[in-house]
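Count along the sequence shown from 1, add 3, and you get the number used in our numbering.
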Amino acid sequence: MYRTLRSSIVAVLLIGPGAACSRTDTPAVAQSASTASASTSSTPAVAGPDAPLNLCTVMPVDVVSHVLQSHVGKSVSVATPHVGGMCNYKDVDKGVPAVQVLVDFTRHEKASDAATAYRNVRTQAASMGSAPTDIPGIGDEAFGSGGTAEDYGVKTHSGPYMGQVNVHADGASAEAARAAAIELAQLTLTRLPKPGQ
Numbered sequence: 004m005y006r007t008l009r010s011s012i013v014a015v016l017l018i019g020p021g022a023a024c025s026r027t028d029t030p031a032v033a034q035s036a037s038t039a040s041a042s043t044s045s046t047p048a049v050a051g052p053d054a055p056l057n058l059c060t061v062m063p064v065d066v067v068s069h070v071l072q073s074h075v076g077k078s079v080s081v082a083t084p085h086v087g088g089m090c091n092y093k094d095v096d097k098g099v100p101a102v103q104v105l106v107d108f109t110r111h112e113k114a115s116d117a118a119t120a121y122r123n124v125r126t127q128a129a130s131m132g133s134a135p136t137d138i139p140g141i142g143d144e145a146f147g148s149g150g151t152a153e154d155y156g157v158k159t160h161s162g163p164y165m166g167q168v169n170v171h172a173d174g175a176s177a178e179a180a181r182a183a184a185i186e187l188a189q190l191t192l193t194r195l196p197k198p199g200q
């Protein structure tokens, strides 16, 4: 049931980058920049093959901020983990964020399951008019789409992982938001636990 519920949540979130970045879930834990950097390191997290992912640990707030700063000139200071391991990053603890990032990956039992989930999400995105565009060089396959000039989302799969990175930055150009989302997706894939770890 956990995988089915998780897949349903991922399917809903993967529809559009703006929608996924504007989630209003009650956070399981909110971390300020000082708490996040004290409790997480800049090295990849290692988890057992059945351990749930904690993407706030895989991608610490300082790493996400560094990428954002280089592309959109803004950073985040709050990392909030959610059900299933996804992580939502914001520039403010309360109120409406000007910068928000969602990192959400699922570890499937087999690479073929991740590939099937990816193809399903891509088909669904195309049927909803989001115009997915292939992005070479990220994972086994990747596509991106943007809701507005300030939003961009990358969906990808690599081995047993399938997931997304969505970026929203007020005032950012479409190119800057796209570049930030692509670099964060590439970096996340390199930091995810390898199968068997």
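Cβ coordinates follow ideal geometry from the N, Cα and C atoms, glycine included. Being a predicted model, the structure only gives us computed values, none of them experimental.
Spanning the alpha carbons of Pro-139 and Ser-68 requires a straight line of approximately 24 angstroms. Checking the DSSP bridge columns, you'll see Pro-84 partnered with Cys-90. Look at Asp-143 here: in three-state DSSP terms it is coil, with no helix or strand label. Closest by C-alpha distance to Val-70, out of Asn-123, Asp-173, Val-99, Arg-181, is Arg-181. Within a 10 Å sphere around the beta-carbon of Gly-76 sit fewer than 16 other beta-carbons, which makes this residue exposed.
Rounded to whole angstroms, the gap between the alpha carbons of Ala-117 and Ser-73 is 30 angstroms. Closest by C-alpha distance to Lys-97, out of Val-81, Arg-194, Asp-107, Gly-87, is Val-81.
Note that the C-beta distance between Gln-167 and Asp-107 is below 7 angstroms. In the three-state reduction of the DSSP assignment, Asn-123 falls in the helix class, which pools H, G and I. The alpha-carbon of Lys-113 is positioned some 15 angstroms away from that of Leu-195. In the DSSP assignment, Asp-96 falls outside any beta strand (DSSP E), carrying neither H nor E.
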